[in-house]
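Trainee: Numbered according to our numbering, the sequence shown spans residues 188 to 675.
Where is the CB? At the ideal position from N, CA and C, for every residue including glycine.
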Amino acid sequence: MPHNARTFLPARTYLPLLLVLTLLFSACASNKAGLKSPELPARHWLEEAPGVPVENKAKLEAAVPNLYDPAKVFTFEDCVFLTIQQSPLLVNSAVDLEIKRVALTDAVWKYLPEPRMTMQVTNNLTRYNMDHKDTPGDYGRAKFTVGFHAAFPNPVAAYFEHQVQKAMVNLAISTHRKAVGEAIYKIGQAYLQLQAQKKIVKAQKDLLPIGKELVSYWQQVEAVDGRQGVSLNLAMQHQRELELMLEQTKMKETMQLTQLKILAGVDPQQRLDVDTSSAEEILRGFNGRKLKWDERWTTTEDDLLLRGQIKLGDYNIMVAWAQYIPDMSIAIDKNPPAGQYQPASGSEDTFLHLNFSFPLLDWGRRYRGVQTARMQKAQAFHEMARKRTDYSNRWLQAEQSVALAETELKLARTRFDTAAMQFKEAHISFNEGIAELPAVADRQEAMVQAQVALIRAELSCELAQLEWMYLSTALQEHFLGLPAKEVL
Numbered sequence: 188m189p190h191n192a193r194t195f196l197p198a199r200t201y202l203p204l205l206l207v208l209t210l211l212f213s214a215c216a217s218n219k220a221g222l223k224s225p226e227l228p229a230r231h232w233l234e235e236a237p238g239v240p241v242e243n244k245a246k247l248e249a250a251v252p253n254l255y256d257p258a259k260v261f262t263f264e265d266c267v268f269l270t271i272q273q274s275p276l277l278v279n280s281a282v283d284l285e286i287k288r289v290a291l292t293d294a295v296w297k298y299l300p301e302p303r304m305t306m307q308v309t310n311n312l313t314r315y316n317m318d319h320k321d322t323p324g325d326y327g328r329a330k331f332t333v334g335f336h337a338a339f340p341n342p343v344a345a346y347f348e349h350q351v352q353k354a355m356v357n358l359a360i361s362t363h364r365k366a367v368g369e370a371i372y373k374i375g376q377a378y379l380q381l382q383a384q385k386k387i388v389k390a391q392k393d394l395l396p397i398g399k400e401l402v403s404y405w406q407q408v409e410a411v412d413g414r415q416g417v418s419l420n421l422a423m424q425h426q427r428e429l430e431l432m433l434e435q436t437k438m439k440e441t442m443q444l445t446q447l448k449i450l451a452g453v454d455p456q457q458r459l460d461v462d463t464s465s466a467e468e469i470l471r472g473f474n475g476r477k478l479k480w481d482e483r484w485t486t487t488e489d490d491l492l493l494r495g496q497i498k499l500g501d502y503n504i505m506v507a508w509a510q511y512i513p514d515m516s517i518a519i520d521k522n523p524p525a526g527q528y529q530p531a532s533g534s535e536d537t538f539l540h541l542n543f544s545f546p547l548l549d550w551g552r553r554y555r556g557v558q559t560a561r562m563q564k565a566q567a568f569h570e571m572a573r574k575r576t577d578y579s580n581r582w583l584q585a586e587q588s589v590a591l592a593e594t595e596l597k598l599a600r601t602r603f604d605t606a607a608m609q610f611k612e613a614h615i616s617f618n619e620g621i622a623e624l625p626a627v628a629d630r631q632e633a634m635v636q637a638q639v640a641l642i643r644a645e646l647s648c649e650l651a652q653l654e655w656m657y658l659s660t661a662l663q664e665h666f667l668g669l670p671a672k673e674v675l
């Protein structure tokens, strides 16, 4: 609620002062307009943002100058740093952080009054007293008055609104950290998938020579027999099928690389060389079974955000209570109260007015505001309990997913070992003249298919472990460190 102060001065006495003040205010406005306009957050925001420590700043500083080298091959860490620098997926939360910082500055300035200048021109619409003997000499003439007015804010509300904005800045930092953590998780997924696709491509390439040998084999057989059978056609068709399968796998690899480029903020048409072997470092040293979900919950950004919402609820309740503080206004003018009128022949007096305004009946508006703030705090409290339970459930599901993926990996490895032994047996039989080439080729193709299934099972297991690592915040902690303990 504003508190007011007014001063009215004769213009003829203070006309030079008015001109000087007008020039000063114009100069201030001009200087303000010349300030640098707000821009998008700097690409190095993570290094400067308070409360967002980078655990390995030395690596970041060493990586950034080299990120835009055309010949650079990006490891997993390099790609994370590149994403932090320029990913469009992080713009919204980064801009929101800057908006909250501006709001914090605005809240600080609300402690101070806002000086204003008022100019008033007054003249008679009627002149019934022109011939009266007590009429002053300037009766009927236009009068110019200059006043100064300052609106004082509610001090209690201003204080708690300032606390609210400080909390909002730190919550925005935490929200941005959460967005960065999600981006790191997606980059890890992309690197693991690209590594698996390269392994599958290599395995499928090993089948192409076998397909060509089968075509040559059936050509020789049919040339000796002097007949044209379906075996050669089937072999050629199968060779084409193997080539298409390889082309399909390469296209999937290209699509995954394109998704990684989009995530990192790189033009999809631009070249981006990635070192997929660095994906092996992502999960190294992580064992989710040694961790406890209730201990890791306190290291999550969600825990900080929800505790911050409860703290904000406390501040919002105090802001609502502050609305009960009465309004106060101070005015300095020449309007006399009752009993203080000047005689017609006297000089005008200047009066100081101190006014307090108390609401007699606000129809429950302030009370409803307090109750709403209390309910919002209760809502935040119950949301924290719900999110904590949800986190424990997700932890259990992640653990079960890893256990299932490990079992499927063992099964795929057993099947691959079986297929490898069968191929070895067929190859020995072929060398001894017992088996023919088509039988050996079938065994080799079955072994390669089992190898591809094994690679995919390994990928599923790694992705399940990566999800568990992300859930435990161990993945984000490597780059961002632990979150703040409190929002204030």
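My understanding is that Trp655 touches Glu586, with C-beta atoms under 8 Å, so please give their C-beta distance in whole angstroms.
Mentor: Their Cβ separation, rounded to whole angstroms, is 7 Å, which keeps Trp655 and Glu586 in contact under 8 Å.
Trainee: With DSSP run on the structure shown, which of helix, strand or coil describes Pro625?
Mentor: In this structure, Pro625 counts as helix in the three-state DSSP scheme.
Trainee: In angstroms, rounded to a whole number, what distance separates the CA positions of Lys392 and Asp454?
Mentor: Whole-angstrom Cα-Cα distance: 30 Å.
Trainee: Alpha carbon to alpha carbon, what distance is there between His336 and Thr305?
Mentor: Their backbone Cα atoms lie some 7 Å apart in a straight line.
Trainee: To the nearest whole angstrom, what separates the beta carbons of Asn310 and Ala329, a pair I think is in contact under 8 Å?
Mentor: Indeed, because the Cβ distance is near 4 Å, the residues count as touching under 8 Å.
Trainee: Short check: CB of Ile371 to CB of Leu662, under 9 Å?
Mentor: Yes, they are a contact pair.
Trainee: Between which residues of its own chain and Gly368 is the CB-CB distance below 6 Å, once the five residues before and five after are set aside?
Mentor: If we look at Gly368 and ignore the five residues flanking it on each side, its Cβ neighbours are Gln663.
Trainee: Looking at the unbroken alpha helix (DSSP H) that takes in Val282, where does it start and where does it end?
Mentor: Per DSSP, Val282 belongs to the alpha helix (DSSP H) from 278-296.
Trainee: Per DSSP, what kind of secondary structure is Ile512 in: helix, strand or coil?
Mentor: Ile512: coil per DSSP, three-state reduction.
Trainee: On the DSSP bridge assignment, give the partners of Met304 in chain order.
Mentor: According to DSSP, which records beta bridges pairwise, Met304 is partnered with Phe335.
Trainee: Report back the beta-carbon spacing between Phe263 and Ser465 to the nearest angstrom; my notes put them in contact at under 8 Å.
Mentor: Going by Cβ atoms, the distance from Phe263 to Ser465 rounds to 4 Å, so yes, they are a contact pair.
Trainee: Can Ile497 and Lys564 be called in contact, C-beta distance under 9 Å?
Mentor: Contact: yes.
Trainee: Go through its chain and collect everything with a Cβ distance to Phe617's Cβ below 8 Å, but skip five positions before and after it.
Mentor: Once the five neighbours on either side are set aside, the close Cβ partners of Phe617 are Glu623, Leu624, Ala626, Val627.
Trainee: Sort Gln272, Pro340, Met317 by Cα distance to Pro302 and report the nearest one.
Mentor: The candidate whose alpha carbon is nearest that of Pro302 is Pro340.
Trainee: What does Asp325 pair with, by DSSP beta-bridge criteria?
Mentor: Bridge partners of Asp325: none, in fact.
Trainee: Within 10 Å of its beta-carbon, does Ile504 have 16 or more other beta-carbons around it, so buried, or fewer, so exposed?
Mentor: Ile504 is buried by the Cβ-count criterion.
Trainee: Is Val260 closer than 9 Å to Tyr378 when the C-beta atoms are compared?
Mentor: No, Cβ-Cβ distance for Tyr378 and Val260 is not below 9 Å.
Trainee: Where do the ends of the beta strand (DSSP E) carrying Leu433 lie?
Mentor: From DSSP, Leu433 is part of no beta strand (DSSP E) but of the alpha helix (DSSP H) over 417-451.
Trainee: Which residue comes first and which comes last in the alpha helix (DSSP H) that contains His349?
Mentor: Segment 342-392, the alpha helix (DSSP H) holding His349.
Trainee: Please report the Cβ distance between Ala592 and Ser647, rounded to the nearest whole angstrom; I am assuming they are in contact, meaning their Cβ atoms lie under 8 Å.
Mentor: 5 Å between Cβ atoms; contact.
Trainee: Would you mind working out which of Leu667, Leu653, Ala671 sits nearest Ile374, comparing C-alpha positions?
Mentor: Nearest option by C-alpha distance: Leu653.
Trainee: Under a three-way DSSP split, which group does Arg312 fall into?
Mentor: Residue identity differs from the one stated: residue 312 is Leu in this sequence, not Arg. If DSSP states are grouped into helix, strand and coil, Leu312 belongs with coil.
Trainee: Can you give the Cα-Cα distance for Leu667 and Lys439, rounded to whole angstroms?
Mentor: In a straight line, the C-alpha of Leu667 is about 31 Å away from that of Lys439.
Trainee: How would you write the range of the alpha helix (DSSP H) that Asn618 sits in, first residue to last?
Mentor: Segment 552-618, the alpha helix (DSSP H) holding Asn618.
Trainee: With DSSP collapsed to three states, give me the class of Ala229.
Mentor: With a pLDDT of only 40 at Ala229, under 50, the local geometry of the prediction cannot be trusted, and the value read off the model is given with reservation. Residue state, collapsed to three classes: coil.
Trainee: Helix, strand or coil: which one does DSSP assign to His665?
Mentor: Helix.
Trainee: Report the three-state DSSP secondary structure of Leu459 (helix, strand or coil).
Mentor: Here Leu459 sits in coil by DSSP.
Trainee: Quick one, are the C-beta atoms of Ala294 and Gln382 less than 9 Å apart?
Mentor: Cβ distance not < 9 Å, so Ala294 and Gln382 don't count as in contact.
Trainee: What did DSSP end up calling Leu172 once you bin it into helix, strand or coil?
Mentor: Within the shown structure, residues of the chain are numbered from 188 to 675, placing residue 172 beyond reach of any answer.
Trainee: Nearest-angstrom Cα distance between Tyr657 and Val589?
Mentor: In a straight line, the C-alpha of Tyr657 is about 13 Å away from that of Val589.
Trainee: Cutting at 7 Å between CB atoms, please list the residues of its own chain near Gln638, excluding the five before and the five after it.
Mentor: Around Gln638: Ala390, Phe603.
Trainee: How do the region 533-544 and the region 507-523 stand: do at least 3 beta-carbon pairs fall below 8 Å, yes or no?
Mentor: A contact exists between the region 533-544 and the region 507-523.
Trainee: I believe Lys287 touches Ala338 by the beta-carbon criterion, under 8 Å. Please report the beta-carbon distance rounded to the nearest angstrom.
Mentor: Contact flag wrong, Cβ pair sits at about 25 Å.
Trainee: Got a sec? Which residues, its chain only, sit under 7 Å from Phe473 by beta carbon, not counting five neighbours each side?
Mentor: Around Phe473: Gln652, Met656, Ala661.
Trainee: In this structure, what does DSSP give as the bridge partners for Val260?
Mentor: Asp460, per the DSSP bridge assignment.
Trainee: Have a look at Pro670, Tyr255, Glu468, Leu669 and flag the residue whose alpha-carbon is nearest the alpha-carbon of Gly452.
Mentor: Comparing Cα-Cα distances from Gly452 to each of Pro670, Tyr255, Glu468, Leu669, the minimum goes to Tyr255.
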